[in-house]
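Numbering (my numbering), first residue to last: 47 to 290.
Data first, discussion second: the structure below is written as C-alpha cells.
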Amino acid sequence: MNISHKLRSLLQNTESICVLTGAGISAESGVETFRGSNGLWSKLKPEELANFDAFMRNPELVWEWYNYRKEIIHHVKPNPAHFALARLQEMVKDFTLVTQNVDNLHRRAGSTNVLELHGNIERSYCIGCGKFVANVEVSLENKVPHCQSCNGIIRPDIVWFGEMLPEGVFEAATEAADRCELFLTIGTSAVVYPAANLPITARKHGAYVVEINLERTEISHTVHETLLGKAGEILPQLLKIKEE
Ligand code: BJW
Ligand code: ZN
C-alpha cells in the first residue's frame, strides 16, 4: 500500500492523535455495518427502529432487534484493527479514541477511555426515572423490560436519530480533534452528524486527516489522504511504521 511520506513522518513523530471509528472497523469481526449493500439497513428501515417514537410504538420489536445484535456481539472478537488502536494508545502521549460503535470491541481489545458517541449496547436505562440497568432480562413472557424502582419502560442506552449525544462526550471529542496533529477516520460512511464534523473540525484546526475505508465516502474530498482497504489490514501496517 502507498503510505505518503507525510503520514509516515507524522506516525513516527507525533505525540497527539485522535481517531474516529465507525461500524466498518468491526465488520471484519463479523458485526454488520448499517449502510451499504450488506448493511443492516438494507433489510430493516432505520426510521422504524432507530428513533424514540418507533420504540414507543413497538418496544417489543425494537428490543427484539437489540437482543439479536447483542447476541451476535457476544460471540464475536476484536480484530487486528481494534488491537492496533489499543497498542497505539500505549505509544502516543495524547491519544483519544472516539467511536460511533456500541459494540464494546475497542474496550475488549484493551483500549481505555473510549469516547462512545452513540451509547453502548450493554447498557440500558429507564425512561421514567433515568436509572441505569446493567443486565436487562428479557424472556418470552417479558419481552419489554420494566424498571424495578418505578415500573417505567427500560430502553437500550443507544443514541437514536433526533436525540442528543451523551453529555460532555462530544465536547471532549471535539477538544481532542481540535488539538491533535493527526486525525484518523476509520470505517465510517461519515453521513451521521455531529460525528461527521470531527474530521472537518480537526482539519480546520491544522491536523493532518487520513481516512481508512473500503471505499470513498462523503468526506473523502475534505481529508488529506484516503487509504482504500480493510482497516484490519491497514492499521497493523501503520502501527508497524510507528514501531520502526
Ligand atoms: C470498512 C470495512 C473494513 C466496511 N475496513 N472500512 C440533516 C442534515 C444533517 C444532520 C441531520 C439532518 N437531519 C437530521 C440530522 C441529524 C442526524 C443525522 O446525522 N442524520 C443524517 C443521517 C442525515 N443526527 C442525529 O440525529 C444525532 N443527534 C443530533 O444531531 O442531536 C442534535 C439534535 C437533537 C434533536 C433534534 C435534532 C438534532 C444522533 C445520531 C445518532 C446515530 N445513531 C445511530 C444508531 C443506530 C441504532 C443502533 O445502533 O441500533 O448510530 S445511526 C447509525 O449510524 C449508528 C452509527 O453509529 C452511525 C454511523 O454509521 P457508521 O458507523 O458510519 O456505519 P456505516 O454503516 O454508515 O458505514 C460503514 C463504513 O465502513 C462504510 O463506509 C464502509 O465502506 C466501511 N467499511 N468494512 C474499513 N473492513
Ligand atoms: Zn425507573
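No residue lacks a Cβ here, since even glycine has one placed at the ideal position from N, Cα and C.
Own chain, CB closer than 6 Å to residue i, minus 5 neighbours either side, in chain order
{"i": "residue 62", "result": "140, 226, 227"}
{"i": "residue 172", "result": "193, 198, 200"}
{"i": "residue 106", "result": "189, 190"}
{"i": "residue 273", "result": "258, 280"}
Boundaries of the alpha helix (DSSP H) in which residue i is found, first to last residue
{"i": "residue 279", "result": "277-289"}
{"i": "residue 195", "result": "From DSSP, residue 195 is part of no alpha helix (DSSP H); its letter is neither H nor E."}
{"i": "residue 151", "result": "151-155"}
{"i": "residue 62", "result": "Where residue 62 is concerned, there is no enclosing alpha helix (DSSP H), although the beta strand (DSSP E) it sits in stretches over 62-67."}
{"i": "residue 220", "result": "215-225"}
{"i": "residue 70", "result": "70-73"}
{"i": "residue 262", "result": "Premise fails: residue 262 is in no alpha helix (DSSP H) and is neither H nor E."}
{"i": "residue 102", "result": "98-103"}
Helix, strand or coil at residue i [DSSP, three-state]
{"i": "residue 203", "result": "strand"}
{"i": "residue 239", "result": "coil"}
{"i": "residue 231", "result": "strand"}
{"i": "residue 181", "result": "coil"}
{"i": "residue 291", "result": "This structure leaves residue 291 out entirely; the chain is present only between 47 and 290."}
{"i": "residue 169", "result": "strand"}
{"i": "residue 80", "result": "coil"}
{"i": "residue 162", "result": "strand"}
{"i": "residue 148", "result": "coil"}
{"i": "residue 90", "result": "coil"}
{"i": "residue 143", "result": "strand"}
{"i": "residue 120", "result": "helix"}
{"i": "residue 95", "result": "helix"}
{"i": "residue 189", "result": "coil"}
{"i": "residue 48", "result": "coil"}
Residue i - containing beta strand (DSSP E), residue span
{"i": "residue 259", "result": "254-259"}
{"i": "residue 269", "result": "That residue, residue 269, is in no beta strand (DSSP E); it is neither H nor E in DSSP."}
{"i": "residue 55", "result": "Residue 55 -> not in any beta strand (DSSP E); alpha helix (DSSP H) instead, spanning 51-59."}
Other residues of its chain near residue i: CB distance less than 7 Å, five sequence neighbours each side excluded
{"i": "residue 122", "result": "75, 76, 77"}
{"i": "residue 96", "result": "206, 207"}
{"i": "residue 183", "result": "191"}
When the options are compared against residue i, the one with the closest alpha-carbon
{"i": "residue 115", "options": "134, 168, 105", "result": "168"}
{"i": "residue 146", "options": "165, 137, 138, 155", "result": "165"}
{"i": "residue 152", "options": "202, 222, 68", "result": "68"}
{"i": "residue 258", "options": "232, 268, 252, 237", "result": "232"}
{"i": "residue 117", "options": "137, 150, 136", "result": "150"}
{"i": "residue 242", "options": "251, 263, 112, 80", "result": "263"}
{"i": "residue 138", "options": "60, 273, 217", "result": "60"}
Beta carbon proximity, residue i to chain B, threshold 8 Å
{"i": "residue 280", "result": "This model lacks chain B altogether, as it is built from one protein chain only."}
Contacting residues, own chain, Cβ-Cβ under 8 Å from residue i (five flanking each side not counted)
{"i": "residue 245", "result": "66, 223, 229, 231, 236, 255, 257, 265, 268, 269"}
{"i": "residue 154", "result": "123, 124, 128"}
{"i": "residue 289", "result": "137"}
| task | Determine contact between the region 97-109 and the region 198-217, defined as no fewer than three beta-carbon pairs at a distance below 8 Å. | result | In this structure the region 97-109 touches the region 198-217; the number of beta carbon pairs closer than 8 Å is three or more.
| Does the region 127-138 come within contact of the region 277-289, defined as at least 3 CB pairs closer than 8 Å? | yes
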